[in-house]
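For the sequence shown, the working numbering assigns the number 1 to the initial residue and increments by one for each residue that follows.
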Amino acid sequence: MSDSIVIEKKGNVGILTVNRPKVLNALDVPTILELEKGFSALESDQEVRVIVVTGAGDKAFVAGGDIADLESRQGLQHYQEFAETIHRVFRKIEISDKPTIGAINGYALGGGTELILALDIRIAADTARLGLPEISLGLFPGAGGTQRLIRQVPLCRAKEIMFTGAHMSAAEAAEIGLINRVVPKAALMDEVMKTAEVIAKKSPLVLKLLKRTLRDGGDMPLSAALGHEQAVVSLVFDSADAHEGCRAFLEKRDAVFVGK
Ligand code: CO8
């Protein structure tokens, strides 16, 4: 693996850092492929219960797709190589059974905001700037951004973001529900790790089924989604973790969940 993606483990939390600070962590195809490899490694590591994604340096999370890589492409097939790779990898991240958290430490533009849209929880430094400036380059937020954004924020806000290409502050992004919260820059990783560690102590089985139920249910009419939830609940209620959680409550101790 090259060093464009750095993998770390802190306890039960895996951390993936996009490490191209000279280009503000822009994503070219080799880096997107490294991101896929790094994410797969953490996903299959039994010790890792939560995956954090962040950017190297103090300026950027991910300043987008690598404009030099995009500009170098000629012809539909060559463009599609970029589009198909980034779509596959962002979808893999989005549908992971493990909870993901974005630690947004600076510019998260274009493909950077699109990556955030595929993460479960998003915590930003007060200096972060988000947005979809593709239109200013004559490009298109084509890493899933158009479709994820309209499902996550009000349509009129999504259209303004895509039509103007304007950058927004972290506070504005929180106000429209694009990110969870904003914290002082110096406190970002502590806040992210605190949240990650709380989640890492919960049942991996319940987290997995919650993620699947939320995802699948969101695509169904309510009556089908409620039926689906009911079916999933029965998988949880007789699990070792359910018995452990209830017993721990009755015995006035902390539960130790194993994901079974
Ligand atoms: N790609 C490549 N290089 C970049 C990128 C990028 N996205 N962003 C910054 N860089 C490079 C700069 O060229 C510069 O390099 P150099 O030092 O060699 O001149 C270096 O990073 C530092 O950047 P700046 O000097 O510009 O730093 P500033 O602090 O002045 O500005 C900004 C910071 C505002 C973030 C500015 O760099 C900027 O506007 N960057 C571009 C942001 C952008 O437009 N992102 C969207 C890119 S397109 C995209 O994401 C499409 C994804 C989906 C494609 C799927 C379909 C195929």
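Every residue gets a Cβ at the ideal spot worked out from N, C-alpha and C, and that includes glycine. Remember, predicted model here, so these are calculated numbers, not experimental data.
Roughly how many angstroms lie between the CA atoms of K9 and N25, to the nearest whole one?
-> C-alpha separation (whole angstroms): 21 Å.
Taking only the alpha-carbon atoms, compute the straight-line gap between G245 and Y79 and give it to the nearest angstrom.
-> In this structure, the straight-line span from the alpha carbon of G245 to that of Y79 is close to 50 Å.
Look at R148 and L117 and say whether their C-beta atoms are less than 8 Å apart.
-> yes
Would you mind working out which of M220, V233 and L178 sits nearest I104, comparing C-alpha positions?
-> L178
Say yes only if the C-beta of L24 is nearer than 7 Å to one or more non-hydrogen atoms of the ligand CO8, and no if none qualify.
-> In this structure, the ligand CO8 has a non-hydrogen atom nearer than 7 Å to the beta-carbon of L24.
I think G57 touches P30, with their Cβ atoms under 8 Å apart; what is that distance to the nearest whole Å?
-> Their Cβ separation, rounded to whole angstroms, is 19 Å, which puts G57 and P30 out of contact at 8 Å.
Of the choices G111, V182 and K208, whose alpha-carbon is the least far from that of Q133?
-> Strictly speaking, residue 133 in this sequence is Pro, with Gln absent from that position. Taking only the C-alpha atoms, the option nearest P133 is G111.
Could you check what DSSP says for E251 in three-state terms: helix, strand or coil?
-> coil
Beta carbon of G144 nearer than 8 Å to that of E114 = Less than 8 Å divides the Cβ of G144 from the Cβ of E114.
Do the region 94-101 and the region 55-73 meet, that is, are 3 or more Cβ pairs less than 8 Å apart?
-> Note that the region 94-101 does not touch the region 55-73; fewer than 3 beta-carbon pairs, one per stretch, sit closer than 8 Å.
For the beta strand (DSSP E) that contains I5, what are its first and last residues?
-> I5 to K10
Own chain, CB closer than 6 Å to V6, minus 5 neighbours either side, in chain order = T17 and N19
Measuring from the CB of A68, is there a heavy atom of the ligand CO8 at a distance below 7 Å?
-> yes
Where does the unbroken beta strand (DSSP E) through V182 begin, and where does it stop?
-> R181 to V183
Within 10 angstroms of the Cβ of F257, are there 16 or more other Cβ atoms? Answer buried if so, exposed if not.
-> buried
Which residues bound the beta strand (DSSP E) around V131?
-> Correcting the residue identity first, residue 131 is Gly in this sequence and not Val. In this chain, the beta strand (DSSP E) harbouring G131 covers R129 to G131.
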